[in-house]
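**Q** Chains as they are written, first to last, in numbering that gives the first Met the number 0: chain A, 0 to 91; chain B, 0 to 91; chain C, 0 to 380; chain D, 0 to 380; chain E, 0 to 455; chain F, 0 to 455. For glycine and all other residues, C-beta sits at the position ideal for the given N, C-alpha and C. Structure provided below as structure tokens; questions to follow.
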Amino acid sequence: MDGVALLTVFVLAAFVGYEVISKVSSTLHTPLMSGSNAISGIVLVGTVIIASVAESAVAVTLALVAVALASVNLVGGFLVTDRMLQMFRRRS
Amino acid sequence: MDGVALLTVFVLAAFVGYEVISKVSSTLHTPLMSGSNAISGIVLVGTVIIASVAESAVAVTLALVAVALASVNLVGGFLVTDRMLQMFRRRS
Amino acid sequence: MSAVQVVVAVPRETREHERRVALVPAAVGKLTGLAGLQVRVEPGAGAAAGFDDAGYAKVGATVSGEALDEAQLLVGVQPPTPEQVKRLAEGAVTISYLPTGAELPLVRALRDTGRTSFAMELVPRISRAQGMDALSSQAMVAGYRAALIAAERLPRFFPLLMTAAGTVPPARVLVLGAGVAGLQAIATARRLGALVSAYDVRAAAAEEVRSVGADFVELDLPPLEGTGGYAREAGAERAARQRELLAPHVAAADALITTAAVPGRPAPLLVTEEMVAAMKPGSVVIDLAAESGGNVAGARPGEAIDVGGVMVWGGRNVPSQLPGQASALYATNVANLVQLLVVDGALAPDLSDEVLAGCCVTHAGEVRHAPTRELLEKEGG
Amino acid sequence: MSAVQVVVAVPRETREHERRVALVPAAVGKLTGLAGLQVRVEPGAGAAAGFDDAGYAKVGATVSGEALDEAQLLVGVQPPTPEQVKRLAEGAVTISYLPTGAELPLVRALRDTGRTSFAMELVPRISRAQGMDALSSQAMVAGYRAALIAAERLPRFFPLLMTAAGTVPPARVLVLGAGVAGLQAIATARRLGALVSAYDVRAAAAEEVRSVGADFVELDLPPLEGTGGYAREAGAERAARQRELLAPHVAAADALITTAAVPGRPAPLLVTEEMVAAMKPGSVVIDLAAESGGNVAGARPGEAIDVGGVMVWGGRNVPSQLPGQASALYATNVANLVQLLVVDGALAPDLSDEVLAGCCVTHAGEVRHAPTRELLEKEGG
Amino acid sequence: MTGDSGTALAYLLVAVCFIVALKGLSSPRTARVGNAVGAAGAVLAVVVILLVERPDRLLAVLAAMVVGGAVGAVAARRVVMTAMPQMVAVFNGVGGAAGATIAALEMVEGTPDTGRLAVAAFTVLIGAVAFSGSMVAFARLQELMSGRPLIYPGARWVFGLALAATVAAGVWLPWGGPTWLVGALVGLSLGLGVLFVLPVGGADVPIVISLLNAFSGITVAASGYVLENTLLIVAGTLVGASGTLLTRLMAKAMGRPVTNILFGAFAGGSTLGGGAETDRPVRSASAEDVAILLGYARKVIMAPGYGLAVAQAQHALRDLAGELERRGIEVSYAIHPVAGRMPGHMNVLLAEADVPYDKLKEMDSVNPEFKTADVALVVGANDVVNPAARSAPGSPIYGMPILAADEAKSIVFLKRSLRPGFAGIENELLHDPKTTLLFGDAKDSLGKLVTSVKSL
Amino acid sequence: MTGDSGTALAYLLVAVCFIVALKGLSSPRTARVGNAVGAAGAVLAVVVILLVERPDRLLAVLAAMVVGGAVGAVAARRVVMTAMPQMVAVFNGVGGAAGATIAALEMVEGTPDTGRLAVAAFTVLIGAVAFSGSMVAFARLQELMSGRPLIYPGARWVFGLALAATVAAGVWLPWGGPTWLVGALVGLSLGLGVLFVLPVGGADVPIVISLLNAFSGITVAASGYVLENTLLIVAGTLVGASGTLLTRLMAKAMGRPVTNILFGAFAGGSTLGGGAETDRPVRSASAEDVAILLGYARKVIMAPGYGLAVAQAQHALRDLAGELERRGIEVSYAIHPVAGRMPGHMNVLLAEADVPYDKLKEMDSVNPEFKTADVALVVGANDVVNPAARSAPGSPIYGMPILAADEAKSIVFLKRSLRPGFAGIENELLHDPKTTLLFGDAKDSLGKLVTSVKSL
Ligand SMILES: NC(=O)c1ccc[n+]([C@@H]2O[C@H](COP(=O)([O-])OP(=O)(O)OC[C@H]3O[C@@H](n4cnc5c(N)ncnc54)[C@H](OP(=O)(O)O)[C@@H]3O)[C@@H](O)[C@H]2O)c1
Ligand SMILES: NC(=O)c1ccc[n+]([C@@H]2O[C@H](COP(=O)([O-])OP(=O)(O)OC[C@H]3O[C@@H](n4cnc5c(N)ncnc54)[C@H](OP(=O)(O)O)[C@@H]3O)[C@@H](O)[C@H]2O)c1
Ligand SMILES: NC(=O)c1ccc[n+]([C@@H]2O[C@H](COP(=O)([O-])OP(=O)(O)OC[C@H]3O[C@@H](n4cnc5c(N)ncnc54)[C@H](O)[C@@H]3O)[C@@H](O)[C@H]2O)c1
Ligand SMILES: NC(=O)c1ccc[n+]([C@@H]2O[C@H](COP(=O)([O-])OP(=O)(O)OC[C@H]3O[C@@H](n4cnc5c(N)ncnc54)[C@H](O)[C@@H]3O)[C@@H](O)[C@H]2O)c1
């Protein structure tokens, strides 16, 4: 993929992110922050790739640590967001 | 650019289009239709490219017709939209 | 003023308790200006309503003791006397209230002298005739007064008030008969903060009652729809059943206002003496129908009597309690009717017009109003 | 009933025009229940207010002609007579209205017999004492009545009504003095649909007037703030200027309601005879301050007089017009005060309490209320 | 020809302009600016393509552009307001044609791979349908052709066959189909577009235009794929996505599913005979539409009637008036003397809602004002604005003076149905072309209007 | 390693899931479902990377994932509600660290070109800042460290120097800097993060976390660029864009510009000494916040006072109650006997607004109800809910019975300022941790609340 294509993806994704979030009530700020934080846990995919291609032992170790860290972020992020959102459950 | 990248661009652009238009009042439907129609006049860029690379005389002629048609769309579209929108002008 | 101008005469009302006048200066001005009529007013005609002779003179009326003599059009509130009728010009027209059942001698006189007479209470209740509808305009006055008198006479607050010295509960007001007067009474009582409920026999009444914000008392009785938007008289059995069903509502009320009527019939008896007796001491009953027989047993027109601690106030010419504004409203009704009668400056009633046909009692030596004609025939002419 | 129970006596009010009673059965129940007192009521004490003796008996009061004899606590509406005071027990306490300026002999009697007396009108106007604030509760009654009487006496509609028979313009109501009674009068007149404006000298009044939806008449005069939330008396010059500035507002009003007062002083004269004369014939003036000197020149308490076509109605014991509910409110005020006096079933007024200190007139042979003491001293004890 | 990265960046900027333009168009407040941004983007694109890319045959291209642009500009300036929809259809059609031409030429002259050929075939198909469909839509709106849906026996078979043939040609082409097939594909697709639009009912044509608009957007995106041009992809996709959504929104506003509108006529000709629905047409609208009408007015006169009382909507009406006044709009209440069911009924209600007396206008004083009012908002009233009082001798209201609501620039009725009022007679004003109906209980409708006006 | 197009499509699907998740999170109604969709996307991504891509060292990777996942899950389950913000900070920090690690390893071991190296350096910088900054934020929220901004003489010089050094390292690296520079860059960046967060005031830390969240999003996007992985680019950009906007929104909700929050402390230590503002802290909120509080309550008790009358907001109050009731919420009005300025003041007002009498509750009957109320909405009242009446002998209201609004689960005051009421005494309840203030004229505030509740 050439640079401009990646930039295009970047710009469009930025628009989507902006559009989707604008006009959110401030009471949802915390769950939203936590939810978007969980999404950034997808860096896990990158860490796995790196762990797979790493050469030196140090690099492998570091990469595996990164895998673990990203997993913390991904799993913990979604779970903690879900817990926060239970507060907003609507009675029937 | 590979296919998936183009697809990604496509998906993201679709999201942006959808997000931006959702919840529009029906009184704006006509100007919105006309405005988005004007945007599709950008096909002009494509017609110019084709006109530039066309080989046979028929192809060149057709391409030039396409250039003219696309120009009609682009110029007319934006102008007609603007006229419609004058109805919504806010007095000061 | 040319010689051919139609002369309109406004008498000073002579009936007891009548404080209104048929034309107020503003209406006089409208007639002389728009319809080009000449207006003559008896001295002191507007005095009781707060309009002095000078005011009439200022808008171009002639104030004169001979106002009625040879006038082509007499406009009054109450029906004229046969003597007054005689003073009018040949073929003259009269406009006034004209309760024909109670005024048969007058009707005879009108017929026999060839007068054309219109009864304000017979103006059809259709939308286009509303400007001439004195029943509505005067019922509005009566309904407002009824609620106000109830509030003033009741030794309690109307509104709910929660205070440091305790909570004052709102008064409960029950209105029976939700026609024009009843609705106005409801609205006025509601404004003062009372808890108002109402009952009426017409099918449309429930929605109308709710449209002024009160509760409708559902009695589970079939509606009694008459003609022309009016109610029909109830049979004895249904009337008794209605009273029975209303009894607990009456007993719970602090103030009761009744306005029920059926045109051409005595007012229905809605509340018996026992029902009044079952009300709390200190309660107030306002019977606007007292003059026409009374909705409440024992109510006497123009009097406030005590029935076991309950005050029963009988209405008598209630609109005369706001004589100025009631006259102004009535005068507008009359003026609108006059404008319908006058074509190109001349009196030319078009009796094929639904409105005029409806309210014409006598014309050209005939009684045009069928029920009156029948009454007269029954009495032998 | 043990021997040590405090005996509370409720006399039958004997002053003319007084229809209230100091304790209604509900309040008796509250005192006997909560504070464990014994209540004795004179026969017929509540009759004028609609409470019969049986009702008192039912909540445990003793109805007896000797109710006052040896009672430790007398609660009345109007001040007791010196004779009544003598019948009470040694060191007894009295609670009632006690306009000390007008009742110096009584104050002397109370002082000299060692009674402790509390004046309801001296209860401080602070938030925590509102439950005992009879001035407020009775002013609310008076304000409501004032508006209602104005509406009932005015020969016009209060509300605006646009009808087929013409438009009835709304009545203009002007309220002078926007204390408790004035605000209630404003609110009531507004409910009926009148166009209401009001004036008062206190700085907070403008906001308060607007808070009940009326217009405030800005006169561009400095506010007159007294102590305790009350107004101060105006100097002669300012008073005259105020009258001058108010004149056009008064002249434009269909109904004028005045409630201005300054504690311990005669009511300020706000409206002169000329100002009344400049009002339209048929207008109505309600002077709630008529008893204490009158805000309106010529107003006579308890009478409705005609001043050049304007009806001037002077209030006299207006709360007695709704005797039942006025009594209930007053009784709650009294009961709340009694609860403050009774500690562990015994009468033990804590005169260091701001509220009791404020309204105590005599105690232990002394006059505690400074202005009264000064008055007495001026008169030579 | 894939421009260098400067050009690509410029194109990205153009795409961003288009996004901003669409964003702007979604609210009346920002619509004009948005459109201007879009136009600026278009100008930038043209500048880049002409000056930076410097195509061959520059002069010819320039000439074609000038001619086309001039035609577009003149048409856009000249067209009367009421002909806007058909103008949009034409513009849309020519855009689709341009896209189809690109793809056709690329197929014939270019050397694309199978995938790209497939996309090109798709582009031709959809672009040609957009073109011919738009032209039919134009002809019908312009009344060059009957507005009635054209249905003939076996219509659905014909359409089905045409569709099958077109798709077959489209599929065969990339997998080795002969070059003449391109011409066949173009012809078939054009026919398909005609067959597609002919059976649609006249009133539904605007929805079809919106759908064809989405089609031409997709054409552009697809031709962008063929040319590997991201700008075309992004712009086309934007138009395609928003056009699709818009089509759905418009169908929803008419209360019908899209498929019913498009293919209803194929389903046995049932919409053919039924003329009943256009017998006494009324125009109903959503609260949002009415809110825009009100929110962008200068002067609004409210005409309340008995329905206001029935709905007890007096508070809601005052709220709406307050909201409009906050926007600087002049609001007053026209009180007909017999509105409601008792004298002064409206006064009682509006006083309760604390409407200041000076906002209430008597009939005689307000009637001359209607002429200058942008909107007459008739809230639960009927008889008191019924022009039959002026024009229908013999009707029970003939001769009664009425509120001149019909003289306002537009009239909005809030009522629950087309049922008449007290007098029991039909109200012509409901069928006036200037009239819009917002059906529902007055209180609910007013509540919605307040919300919608607030969010303008 | 660039997966085949099946993988790429799967990644695209994951990206769509994330967009849907963010969309859902923007409204309380859809937030939980949205989060679940996001989680599903994440699971799909993991499945694809493990099963389809089959990386080398699968077991080790799996083990690392299980350990990390378990730690995350346990932490997420265990954390108490009030510690959520610091938990988010930690998660955010480790995410940033992971991204920085990827880039660092790619720089050391990969063979990227200059451009990619530059991006990788940027990734390391920003990821490391996100990590160390988040850790400091965590420490402060967890009270492992003082909540006060840490300011020392010359702080801005130190920060400026560190920033310059870091940037220099970042710039040198791609243009031929030695490998050890990578380590230096990591170290410098970590230090920079610490220096960045230390001077921020305790109450502002959540905003910094949000900003660091945006940073880690950008880290992910940049590492996606380094790895040429669109999923990472899209997901990271989404987070970066929404995080940036969120930071601005949060700062706006606090009424302060972002720069002031971040760098206020550098500007001369002015926020250091000023303890006045935390002297009597109150919590104010926007109408949207209060609307959510109300809209998701089961039972709301309104306590109106004199301010309602001053604002003439009775109609607006009734509107709000109606809106809440439409949502099935139980609403009643607690009428204190001395609320307002005349006996029955509230009755007069609420009757005018047509509030049914049976919704008005006397103090004695409503006081036991407050315990079970989710929200006590105090509208322009003050003295009548002032607990000083119970607890402050000598105050002019001591002994007066008051509305037990303080017993409700939360209390909302609508008033214009912190000024006291008639009695002129301070109201402790305004400073209660359960209390939220919505400043402004009661009528305006209620109008906003109606709109906001409607749009929930
Ligand atoms: N003022 C008086 O003293 C008086 C007395 C008696 C009779 N009248 C007569 O009453 C009529 C008054 O005219 P008008 O225009 O006020 O009333 P109208 O002609 O009776 O029309 C009222 C309209 O309101 C609509 N409506 C009813 N409930 C509604 C609701 N909940 N929400 C929305 N709309 C509702 C009805 O249409 P939908 O059913 O389609 O909703 C109806 O068309 C005149 O004919 C007059 O002569 C007046
Ligand atoms: N009921 C009676 O008969 C009577 C008579 C006289 C005195 N009082 C006394 O009045 C008090 C009544 O208590 P309360 O709680 O009702 O009133 P309060 O204690 O006087 O408090 C009213 C509050 O409303 C706020 N406010 C004023 N205008 C506002 C507006 N436009 N929008 C929003 N808020 C506004 C004020 O705060 P901001 O300025 O910050 O906005 C003030 O704190 C008691 O102390 C009582 O004793 C009562
Ligand atoms: N179209 C118009 O322009 C117009 C104008 C005014 C009134 N009206 C209609 O005319 C009708 C009569 O109004 P009105 O006030 O003159 O009526 P009215 O004075 O004849 O009677 C008063 C009310 O008493 C009711 N009533 C009769 N018998 C009753 C009984 N046994 N129990 C309870 N209630 C009983 C009637 O239904 C009526 O509502 C109403 O329907 C009103 O809407 C129409
Ligand atoms: N805190 C409480 O609990 C409480 C309770 C009730 C009343 N109050 C306050 O007590 C105060 C007095 O109320 P009130 O009704 O008993 O007063 P009041 O009866 O003594 O006087 C009535 C009104 O007349 C006004 N007035 C006096 N001189 C005037 C003049 N020359 N012109 C015009 N107006 C004049 C006064 O300002 C007052 O508002 C008010 O401020 C009220 O808010 C407080």
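Kindly indicate which three-state DSSP category Thr-277/E falls into: helix, strand or coil?
**A** Reliability fails at Thr-277/E, whose pLDDT of 34 lies under 50, so the model's placement of it is uncertain and the value that follows must be treated cautiously. Thr-277/E: helix per DSSP, three-state reduction.
**Q** With a threshold of 7 Å (Cβ to nearest heavy atom), would His-344/E be considered close to ligand 1?
**A** Checking the Cβ of His-344/E against ligand 1 gives yes.
**Q** Exposed or buried, which one is Arg-418/F when buried takes at least 16 other CB atoms within 10 Å?
**A** Exposed, since its Cβ has fewer than 16 Cβ neighbours within 10 Å.
**Q** Less than 8 Å between the CB atoms is what I'm expecting for Ala-334/D and Ala-70/D, so what's the real figure, rounded?
**A** Not quite, the Cβ-Cβ distance comes to about 16 Å (not below 8 Å), so this is no contact.
**Q** Where Lys-251/F and Leu-27/B are concerned, what is the direct C-alpha to C-alpha distance, given to the nearest angstrom?
**A** For Lys-251/F and Leu-27/B, the distance between alpha carbons rounds to 31 Å.
**Q** Excluding the 5 residues preceding and the 5 following Ala-230/C in the sequence, name in chain order all residues of the same chain whose CB lies nearer than 6 Å to its CB.
**A** Here the set comprises Val-200, Arg-201, Leu-223, Val-261.
**Q** Identify which residue in Leu-73/C, Gly-234/C, Ala-259/C, Gly-90/C has its Cα closest to the Cα of Leu-173/C.
**A** Measuring from the Cα of Leu-173/C, the nearest candidate turns out to be Ala-259/C.
**Q** Could you spell out where the alpha helix (DSSP H) holding Phe-14/B opens and where it closes?
**A** Looking at the DSSP string, the run of the alpha helix (DSSP H) that includes Phe-14/B is 2 to 20.
**Q** Any C-beta of chain D within less than 8 Å: which residues of the segment 179 to 202 of chain C qualify?
**A** Flagged, chain order: Thr-187, Arg-190, Leu-191, Gly-192.
**Q** Whole-angstrom Cβ separation of Val-79/A and Met-86/F, contact assumed at under 8 Å?
**A** Contact flag correct, Cβ pair sits at about 6 Å.
**Q** How far does the beta strand (DSSP E) with Thr-100/E in it reach, from first residue to last?
**A** Thr-100/E -> not in any beta strand (DSSP E); alpha helix (DSSP H) instead, spanning 83 to 108.
**Q** Count the other CB atoms within 10 Å of the CB of Ser-269/F; is the residue buried (16 or more) or exposed (fewer)?
**A** Confidence at Ser-269/F is low in this model, with a pLDDT of 35, below 50, so the placement of that residue should be treated as unreliable; the coordinate-derived value is given next. Flag for Ser-269/F reads exposed.
**Q** How big is the Cα-Cα spacing for Gly-200/F and Val-207/F?
**A** In a straight line, the C-alpha of Gly-200/F is about 10 Å away from that of Val-207/F.
**Q** Is Pro-27/E close to chain B, meaning its C-beta is less than 8 Å from at least one C-beta of that chain?
**A** So yes, Pro-27/E belongs to the interface.
**Q** Using a Cβ-Cβ cut-off of less than 7 Å, list which residues of the segment 360 to 382 of chain F approach chain C; keep chain order.
**A** Result list: Glu-361.
**Q** So that I know if they touch, is there some Cβ in chain C lying closer than 8 Å to that of Gln-338/D?
**A** Not closer than 8 Å to any Cβ of chain C, the Cβ of Gln-338/D fails to qualify, so no.
**Q** Return yes when at least one heavy atom of ligand 3 lies under 7 Å from the C-beta of Gly-306/E, else no.
**A** No.
**Q** Quick check on the burial criterion: 16 or more other C-beta atoms within 10 angstroms. Buried or exposed for Thr-434/E?
**A** It is buried - the Cβ of Thr-434/E has at least 16 other Cβ atoms within 10 Å.
**Q** Ignore the nearest five residues each way along the sequence and tell me which others in Leu-134/C's own chain have a CB closer than 6 Å to its CB.
**A** Taken in chain order, the residues that qualify are Glu-120.
**Q** Could you please tell me which residues of the segment 39 to 60 of chain B, in chain order, have their CB closer than 8 Å to any CB of chain E?
**A** Per Cβ criterion, the list reads Ser-39, Gly-40, Ile-41, Val-42, Leu-43, Val-44, Gly-45, Thr-46, Val-47, Ile-48, Ile-49, Ala-50, Ser-51, Val-52, Ala-53, Glu-54, Ser-55, Ala-58, Val-59.
**Q** Using alpha carbons as the reference points, say which of Glu-108/E, Tyr-151/E, Met-83/E lies closest to Phe-137/E.
**A** Looking at the Cα atoms, Met-83/E is the closest of the given residues.
**Q** Could you pull the start and end residues of the alpha helix (DSSP H) that Phe-214/F belongs to?
**A** 204 to 226 is the extent of the alpha helix (DSSP H) around Phe-214/F.
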